[in-house]
Each structure stands twice: as structure tokens, then as C-alpha cells.
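The numbers in the sequence shown follow this note's numbering, run straight up by one, and end at 1602.
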Amino acid sequence: MFKKILIANRGEIAVRILRACRELGIRSVAVFSDVDRKSLHVRLANEAYPIGPAPSRESYLCIDKLMDVARRAGCDAVHPGYGFLAENAALPRACTDAGLTFIGPPADAMESLGSKTAGRQLARRADVPTVPGTNDPIENPAAAQALAHRMGYPILLKAVVGGGGKGMRLVYSNAEFESAFRDAASEAMNAFGDDRLHLEKYLNRPRHVE
């Protein structure tokens, strides 16, 4: 059983992990950006440490800051929650290097499936059908727009990394593509520190299988 866990997240997900730690008798360590100083997860944690300014890429996405807090607080494990660094293989690697347990999948699994385009490529090599779309990150938005036109709208623009619906835009026409691409890339960068996108044909009401 872990003695003290660093929760590398904020908000509702951090609160849920904090409550689970409390039920299990595990001490919790929260981190917070300047704007989250008075947030509920900060008040509920056994300990809380500041990690920088409001922009995520300057706080919650900074692995070095998280590892520094884990070291100073004497943590033996790190829980990423979801979003932010939860699907970034660099975090479990940093935890391993620091002698910490990462509560989540190993880095090699993340590298295979944490990237949506890498996951599509893996599925393709295994002859698993995928939704029509791009198997590599989009390098040329104009070419991607032309592909979307040929495939037929609507299409989804999706962040290559991360999850939780961030960095995703549903596009219904050529007229919407440019602004949707810009907005999705900006949101992905703010949420995950990576603005790469790919596109897929939109499926109406698909089944979500975990």
C-alpha cells in the first residue's frame, strides 16, 4: 500500500482521487497553479504545493515541477487522473527515474496507444478496421481540408494526444474548417502541451467500448 500519493491534476478528478486516498488511509499531496490556490482539491489534501502560473503548460504540464514536489513531499507514487499528462509517456518514465510508482499504464503502452495516430497505425498493422481518416498528424491544414472535402462532411478534428474531449471539433463544411482547426489546435496545446491534430470521418451515435 502506498503511504503518500502526489495527485498531478486539479478540480473534480483530483477531489475524487483525494477522497479515495482518504478512504484507504493514504496521505495525499495536491498541486495547484496560481488561479487554483483556493480550489477544493487544495483544501482537501493533506499537503498542497504551488507549481506556477495559470497556463497549464507552465504548471500542470511541467513534469520537472511535479517531480520536484513529489521529492520534497516524500511521495512514493503519482496519480495523473485524466487529461493533462495522463496519456503522456514522459510522466511514467520520469516517475521510474525518480523511484516513484506511476499509477497507470507503462510508458511503452502509452507510446503505442496514447497517440491516436500511433494507435491507428498499430490497428492497421494488425488488420483491425478503423474509421476513415488520417494515420499521421496533420502537417498541411489545406491538404487536410481537401481530404475532408473528398471524404465528405461532417468530420472530426481531434488532438493527437490527450483525451476528455479537449482539442476536438466537429466540422460540417469547408467554411468551418480553418477556424475549427485553429481552435482545436489551440485547445490541445493549452490542455496537453501538443497542438498536433488528425481527422476522422464523423460517426453519428457510435458505441463506446472500453
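The beta carbon of each residue, even a glycine, is placed where N, CA and C say it ideally should be.
Three or more beta-carbon pairs drawn from the stretch 1463-1473 and the stretch 1494-1508 are found closer than 8 Å, and the two stretches are therefore classed as touching. Of the candidates I1405, L1548, E1568 and P1521, the residue whose Cα lies closest to the Cα of N1596 is L1548.
Less than 8 Å separates the beta-carbon of K1550 from that of H1590. The C-beta distance from A1481 to A1462 rounds to 18 Å, too long to meet the 8 Å contact threshold.
For secondary structure counted as the beta strand (DSSP E) over 3 or more consecutive residues, the stretch 1449-1530 holds these complete runs in sequence order: 1469-1471. Non-local beta-carbon contacts of A1486 in its own chain, meaning distances under 6 Å to residues more than five positions away in sequence, involve I1455 and M1459 in chain order.
When Cβ pairs closer than 8 Å are counted between the two stretches, the stretch 1514-1524 is seen not to touch the stretch 1430-1449, the count staying below three. CA-to-CA, the gap between E1592 and R1512 works out to about 11 Å. The three-state secondary structure of S1425, taken from DSSP, is coil. Apart from the 5 residues on each side of it in sequence, V1421 sits with its Cβ closer than 8 Å to the Cβ of K1396, I1397, L1398, I1399, A1437, N1438, E1439, A1440, Y1441, V1461, A1462, A1465 and C1467 in its chain, given in chain order. As a beta-bridge residue in DSSP terms, M1560 pairs with K1550.
In summary, S1451 is buried, with 16 or more beta-carbon neighbours lying within 10 Å of its beta-carbon over all protein chains present. If you draw a straight line from the Cα of A1540 to the Cα of G1556, it comes to about 23 Å. If you compare the alpha carbons of A1577, D1587, F1394 and E1503 with that of I1418, the shortest gap goes to F1394.
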